[in-house]
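The next block holds one structure in the form of structure tokens; read it before the comments.
Residue numbers (the working numbering): 105 to 217.
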């Protein structure tokens, strides 16, 4: 599972493609979409999420863990934070783990590379 997060640099597409190309046969890959409550559509983290969503159509062994969507539906876990990190908020820990678990369940049903 790859969680680039909100720190996506300008070369994120190239780096993701390197990961996909380097993935050994017999494996699957999960990308977790980043979440930032303040992100605009022109931010790299927002563009990264859009790009990640294009990957499963091209690579059947790629799954998306949609943290961006789930986190956005639970603003309470970010109360008093920077809108990205929920450290120390137990409900955030649980929610994050649930997103990972769901993605693992989906990924195991997909073919390997």
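Ideal Cβ placement from N, Cα and C applies to all residues, glycine included.
Using 8 Å for Cβ pairs, my map puts residue 174 next to residue 199. What's the rounded Cβ distance? 6 Å
Out of 130, 140 and 108, which one is the CA nearest neighbour of residue 190? 140
Contact check, residue 138 vs residue 149 under 8 Å by CB: the rounded distance? At roughly 4 Å, the Cβ-Cβ gap stays under 8 Å, so residue 138 and residue 149 are in contact.
Rounded C-alpha distance that separates residue 171 from residue 130: 26 Å
Mind pulling the beta strand (DSSP E) runs of 3 or more residues that sit fully within the region 133-200? 133-136 and 166-169
Contact check, residue 258 vs residue 168, beta carbons under 8 Å: Lying outside 105 to 217, the shown extent of the chain, residue 258 is not represented and no answer is given.
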